[in-house]
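Asker:
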Amino acid sequence: MKKEQDKITKIAVFDERRKALLRFYRDCLENQNFDKNQAQIVDFVIKISTQQELEGNQVQAFFLVQDAYQNLSKFITDPESNKQLVYYLSYYLMLVHEQKQAIKLLTESIHPQKITALDIGSIILLTKLYNQSGRFQESIDWSEKALFFLNYDKKNKNFIGLMTNKINAYVELNNHIEVLKNSQKISQLVGSNPFFSSHYYTNLGLSFRNQQKYDEAIRYFSKSRRYQQDEESKLLVDDLNIAKVYQLKGAFEKSIKLCDKIIENLNRINPNLRSIEVSSLYQTQANNYYQLNDFLKGEAYHSKALRILNFKGTLRTFHGNYTLLLDVILEKVKYLTKFGKNGITTIYQADSLIDIMRQEHTELGSKLFWREHTHNFYENAIETCFKLKNHNTAFYFMEKSRAILLLDALKDLDAKKILSEEKLSQEQSLRYKIIGLQNQLENTPESDKNYTKIYQQLINVKEVYNGFVQSLEKTNNEYYQLKYQNRYISLSYLRSGLKSNQSFVEYFVGEKAVYAFLVTAKDTRMIKINLTQFQSISKQFLLLSARKPPHTSTQLHEFYRVSNQLYQLIFAPLNIPLGRVIISQDNYFLPFSSLVTNIQQKKYLIEDYAFSYSYSANILFRDRVTYPSFNNSLLGFAPVHFNISHKLNSLDGSENVLKGIEEKYFSGKVFFEQQATKQIFIKNAPNFQIIQLFTHGKADTISDKSKIYFYDDALDMRELYQLGKLKADLVVLSACETNLGSNATGEGIMSFARGFAYLGVPSTISTLWRVNNQSTYQLTESFYKYLDDGYEKDIALQKAQQDYLKTSGYQFPYYWSGMVLVGDSNNMKEYSHFFILIIIIVLCTLILYLT
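Position in the sequence shown (first residue = 1) + 710 = the numbering used here.
(1) Going by the beta-carbon positions, is the gap between Ile1247 and Leu1208 smaller than 8 Å?
(2) Whose C-alpha, out of Tyr1524, Phe1522 and Met1529, is nearest the C-alpha of Ala1510?
(3) Going by DSSP, what residues sit across from Ser1527 in a beta bridge?
(4) Tell me which same chain residues have a C-beta within less than 6 Å of the C-beta of Gly1289, skipping the five on either side of it?
(5) Using only CA atoms, which one of Leu764, Ile1390 and Gln794 lies nearest to Gln750?
(6) Near Ala1113, what residues of its chain come up, given a Cβ to Cβ distance below 7 Å and the 5 sequence neighbours on each side ignored?
(7) Sort Lys1222, Gly1465, Asn920 and Cys969 by Cα distance to Lys1435 and report the nearest one.
(8) Please classify Ser897 as buried or exposed, where buried requires at least 16 other C-beta atoms within 10 Å of its C-beta.
(9) What did DSSP end up calling Ser1013 once you bin it into helix, strand or coil?
(10) Which residue wins for smallest C-alpha separation from Gln1310, given the options Tyr1319, Ile1286, Tyr1270 and Asn1297?
(11) Classify Val1471 as helix, strand or coil using the three-state DSSP reduction.
(12) Thinking C-beta only, is Ser1322 closer than 8 Å to Asp1504?
(13) Does the contact criterion of 3 or more C-beta pairs under 8 Å hold for the segment 1393-1410 versus the segment 1362-1372?
(14) Start and end of the alpha helix (DSSP H) containing Val796?
(15) Going by beta carbon distance, what residues of the same chain come within less than 8 Å of Ser893, once the five residues before and after it are set aside?
(16) Could you tell me the boundaries of the alpha helix (DSSP H) in which Ala1510 lies?
(17) Bridge partners of Leu1403, per DSSP?
(18) Compute the beta-carbon to beta-carbon distance between Phe1462 and Gly1407, rounded to the nearest angstrom, for a pair I have assumed lies under 8 Å.
(19) Hey, would you say Ala1445 sits closer than 8 Å to Ile1418, going by beta carbons?
(20) Could you tell me if Val1552 is buried or exposed, where buried requires 16 or more neighbouring beta carbons within 10 angstroms of its beta carbon?
(21) Strictly under 8 Å for the Cβ-Cβ distance: is Asn1102 near chain C by that measure?
(22) CB-CB under 7 Å to Tyr1487, same chain, minus the five flanking residues each way: which ones, in chain order?
(23) I'd like the list of long-range same chain contacts for Ile1092, defined as Cβ closer than 8 Å, with 5 residues on each side in sequence excluded.
(24) Enumerate in chain order the residues of its own chain whose CB-to-CB distance from Lys1048 is below 8 Å, with the five nearest sequence positions on each side excluded.
(25) Where Ile1054 and Gln1275 are concerned, what is the direct C-alpha to C-alpha distance, given to the nearest angstrom?
(26) Just to confirm my understanding: we take Asp1065, look at its own chain, exclude 5 residues before and 5 after, and list those with CB closer than 8 Å. What are they?
(27) On the DSSP letters alone, give me the boundaries of the alpha helix (DSSP H) that Asp753 sits inside.
(28) Residue ranges of each alpha helix (DSSP H) run of no fewer than 4 residues wholly in the segment 901-961, ordered along the chain?
(29) If Ile850 and Ala879 are in contact, beta carbons under 8 Å, what's the gap, nearest whole angstrom?
(30) Measure the Cβ-Cβ separation of Val881 and Ala927 and say whether it is below 8 Å.
(31) When you compare each of Ile1144, Tyr1161, Leu1078 and Tyr1194 to Leu1120 by their alpha carbons, which one comes out closest?
(32) Can you tell me whether DSSP reads Ser1476 as helix, strand or coil?
(33) With distances taken between CB atoms, is the gap from Phe1501 to Asn1537 smaller than 8 Å?
(34) Helix, strand or coil: which one does DSSP assign to Phe1096?
(35) Kindly give me the distance between the Cβ atoms of Asp1423 and Asn1353, rounded to whole angstroms, as I take these residues to be in contact under 8 Å.
(36) For Gln1212, does the three-state DSSP call read helix, strand or coil?
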């Protein structure tokens, strides 16, 4: 009772103090004393608010600074006082979990192209806020911007603070190499400063924890603890991190005891503390009890974690840190799934939060991190729907789990259609500058004196570009709506869009299981597949499929055995009707056409099924503009020989195949030898219906540096994106590894095929491995023959592969199943015939009218 009375008394005292300060502000402004005493008044406000914070009243401290800002900011003329007030308001916004508002306030107060010494403290706070909000690449960029301003002067007092936040961003991105490299730069500086020493060792501990080197992590957390200046930090930083490591090691009882000790000591030191670390503490304890199958205790601690973040059950009333809330809710979904609870409401909340965060993030690195980070959530959502036999919702979450960033890019292309030529030109110019500087930076060693200058130019241009896009979103509502529309096709819409002989099969590969979802015009079916079996057999299948000659009969029999095993595991249980099948697959594509249905008969699936692939149903069935093309429909390139520095074999015979395609089937422009250059391709690519490339490709499975080669030079992925939206309906990449690249979990393979999809091309034919030249020529020419005969693309490719199996004498998949169709599989002539029909009707009407 006495504690409650003391609390009421303290609130009353604070209210009186707050009213007195407001009267003080008004008196200063009315008596015109403010101009002379700006700095002193701001200092006075900060001292009072700091005192409130030290007493454990963070919310009250925030109100005091907010009052001062609202009443005085427009009258402040002293730059330093203004920066100080903005800094402290942003700081207290951070403490009350209003990171988004704090970021907005700070970025509006800093001119990115004209940083001053007064801005550095604000930038340190801003980079911390970006880290808390999951915007790690933005944190790195702003740290670099400020470090460049300081000329990387290690003697500057702000150098360590900026480097610490930059290292923390790399920790969160799980980039251990950059953590160690940047930590080395400050290792000699931190010893004299206990505050930064503790942060230095904490970052190293977190990075080793991410590498699952738990003993090393605990060693660094223990070192950090020795440098902490206050008991609160020892508890909520180092002890909590050690408790989390115990949890990761499976020592749940040990973790519980340490968490209990932290909570006990925290209640003694500062029982009113509501920081993000306290929320994390309760969530850690919740996870411990969940792991020990004590759902009730886990849920109780989980509720405490949510209360600390001021979440009251609905996103409509939540104004705090979405990133922190998402982490807590993702954990809840994980354990609701584990205990077989119906967590659909919580799942939808997490899904909405993911959409909000994706819209807020501007850097691809941050977006890809969160796609990977939330992949496990989508597995839990799909598992819940599978158990509930809710196919409609399962389909929705399977779609949300894949290629969403590609779908966003296509929405962006749609939104740009309504922009004026001037705005489009501005956007394109800035985008080209960014790509050019990125390429320049990659080709410049870090030791080069120009490296930091190029990096700064890149950061500055990205800032200008992001500002330009944000201004478009604010001033053009139609552009904003088109870009951020969150409409996803329903299961019924997909079924209505499938033809009677078509099936759509979606695979999700999680950490616990694989799920396969079949959709036909009449039916849906969903199965769960053993993950260990899938990983083992599919890996063998891919390795055997891509095996280069010579091939022995023993090797071929081994392939039949493994291929049939995979068929029985992932295809046969779905009972898919004969005909055309669209595969939407996680991660690397598998050549379904070479799955063996019967070992004795040596029968491939290609005999009964025509396959195409899709990044998602939403991408496949989205509305798009079609461009009628009656003349010059084909753009073809066959360099044959290549720049000697690239050390590539000649592609003898490719020019004859391309000539035959152009003469027999599709007219247009074709370029050979010295004419088949990169610049001629860049100039002509936007204006043709079909693009055919006979060349070499090189996949990069680590980054986005995959390339295709022309006579004089290589075209990389970033240069491809510079082309902007293409009018092509089909791109055929008769080159090696054009459907390989780095794997981005939750997005798929960053291949050249995907690169063309990014530019709005609905169909590509690409390759899954280093294909054989002669078989590729034969398959490509045969494909165009059937395409010209009016067949759908998937059936044209099926017939080409069937012909090859019948006539070549080579049964091994290496020769024929590496070519895959990705995207729209419709007849190439559908659009042209439609427009020709319209013209005929118009002409007939005109003739009748004139007659």
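Note that the Cβ used here is the ideal one computed from N, Cα and C, for glycine as well.
Here the structure is a predicted model, which is why all the values come from computation and not from measurement.
Answerer: Answer, in terms of the structure:
(1) Reading the sequence shown from its first residue, position 537 is the one you call residue 1247. Reading the sequence shown from its first residue, position 498 is the one you call residue 1208. No, they are not a contact pair.
(2) Mapped onto the sequence shown, residue 1510 falls at position 800. Ala1510 has its Cα closest to that of Met1529, out of Tyr1524, Phe1522 and Met1529.
(3) Against the sequence shown, residue 1527 aligns to sequence position 817. In DSSP, Ser1527 forms no bridge with anything.
(4) Position 579 of the sequence shown, counted from the first residue, corresponds to residue 1289. Cβ neighbours of Gly1289 beyond the five flanking positions: Asn1211.
(5) Taking the sequence shown and counting its residues from 1, the one referred to as residue 750 is at position 40. Cα-wise, what sits closest to Gln750 is Gln794.
(6) Your numbering for residue 1113 matches position 403 in the sequence shown. So the qualifying residues of the chain are Tyr1325, Ser1326, Ile1329, Glu1457 and Gly1458.
(7) Locating residue 1435 in the sequence shown gives position 725, where the first residue counts as 1. The shortest Cα separation from Lys1435 among Lys1222, Gly1465, Asn920 and Cys969 belongs to Gly1465.
(8) Along the sequence shown, read from residue 1 onward, the residue named residue 897 stands at position 187. Label assigned to Ser897: exposed.
(9) Here residue 1013 corresponds to residue number 303 of the sequence shown, with the count starting at 1. Reduced to three states, the DSSP call for Ser1013 is helix.
(10) The sequence position of residue 1310 within the sequence shown is 600, counting from 1. When only C-alpha atoms are compared, the closest one is Tyr1270.
(11) Here residue 1471 corresponds to residue number 761 of the sequence shown, with the count starting at 1. Looking at Val1471 - three-state DSSP - the assignment turns out to be coil, as it is neither helix nor strand.
(12) Translated into the one-based positions of the sequence shown, residue 1504 becomes position 794. Translated into the one-based positions of the sequence shown, residue 1322 becomes position 612. Against a cut-off of 8 Å, the Cβ pair of Ser1322 and Asp1504 comes out as a contact.
(13) Touching, per the Cβ criterion.
(14) The residue given as residue 796 occupies position 86 in the sequence shown. Element bounds for Val796: Pro789 to Leu805.
(15) As a working mapping, residue 893 is identified with position 183 in the sequence shown. Counting only Cβ-Cβ distances below 8 Å, and skipping sequence neighbours, we find Ile877, Tyr910, Asn913 and Leu914.
(16) On the sequence shown, position 800 is the one that residue 1510 refers to. From DSSP, the alpha helix (DSSP H) with Ala1510 extends over Lys1503 to Thr1517.
(17) Taking the first residue of the sequence shown as 1, we reach residue 1403 at position 693. Per DSSP, Phe1347 and Leu1443.
(18) Looking up residue 1462 in the sequence shown gives position 752. Looking up residue 1407 in the sequence shown gives position 697. Right, the Cβ-Cβ distance comes to about 6 Å (below 8 Å), so this counts as a contact.
(19) By one-based count along the sequence shown, residue 1445 stands at place 735. By one-based count along the sequence shown, residue 1418 stands at place 708. Yes, the pair counts as a contact, with Cβ atoms nearer than the cut-off.
(20) In the sequence shown, the residue the question calls residue 1552 occupies position 842. Below a pLDDT of 50, predicted positions are generally treated as unreliable, and Val1552, at 49, falls in that range; the measurement from the model is reported next regardless. The residue is exposed, with fewer than 16 neighbouring Cβ atoms inside 10 Å.
(21) Structure shown: chain C not included; a single protein chain is present.
(22) Within the sequence shown, the letter at position 777 stands for residue 1487. These residues qualify, in order along the chain: Gly1363, Ser1364 and Val1367.
(23) Numbered from its first residue, the sequence shown carries residue 1092 at position 382. Listed in chain order, the non-local C-beta contacts of Ile1092 below 8 Å within the same chain comprise Ala1104, Phe1107, Met1108, Ser1111, Phe1218, Gly1220 and Tyr1225, local neighbours out to five positions each way being set aside.
(24) As a working mapping, residue 1048 is identified with position 338 in the sequence shown. Counting only Cβ-Cβ distances below 8 Å, and skipping sequence neighbours, we find Tyr1000.
(25) To locate residue 1054, count along the sequence shown from 1; it is residue 344. To locate residue 1275, count along the sequence shown from 1; it is residue 565. Ile1054 and Gln1275: Cα-Cα distance of roughly 35 Å.
(26) On the sequence shown, residue 1065 is found 355 positions in, with the first residue counted as 1. Counting only Cβ-Cβ distances below 8 Å, and skipping sequence neighbours, we find Asn1196.
(27) What you label residue 753 is simply residue 43 of the sequence shown in a count that begins at 1. Note, Asp753: alpha helix (DSSP H), Gln748 to Leu764.
(28) 904-920, 924-937 and 950-958
(29) Here residue 850 corresponds to residue number 140 of the sequence shown, with the count starting at 1. Here residue 879 corresponds to residue number 169 of the sequence shown, with the count starting at 1. Yes, Ile850 and Ala879 are in contact; Cβ-Cβ is about 5 Å, under 8 Å.
(30) In the sequence shown, counting from the first residue as 1, residue 881 sits at position 171. In the sequence shown, counting from the first residue as 1, residue 927 sits at position 217. Not a contact, by the Cβ cut-off of 8 Å.
(31) Residue numbering aside, residue 1120 sits at position 410 when the sequence shown is read from its first letter. When each option's Cα is compared against that of Leu1120, the closest is Tyr1194.
(32) As a working mapping, residue 1476 is identified with position 766 in the sequence shown. Strand at Ser1476.
(33) The count along the sequence shown starts at 1 and reaches residue 1501 at position 791. The count along the sequence shown starts at 1 and reaches residue 1537 at position 827. First, the residue type needs correcting, since residue 1501 is Tyr and not Phe in the sequence shown. The answer is yes: Cβ separation under 8 Å.
(34) Position 386 of the sequence shown, counted from the start, is the residue given in the question as residue 1096. In the structure shown, Phe1096 sits in a helix (DSSP, three-state: H, G or I).
(35) The residue labelled residue 1423 in the question sits at position 713 within the sequence shown. The residue labelled residue 1353 in the question sits at position 643 within the sequence shown. Asp1423 to Asn1353, Cβ: 7 Å. Contact.
(36) Taking the first residue of the sequence shown as 1, we reach residue 1212 at position 502. Here Gln1212 sits in strand by DSSP.
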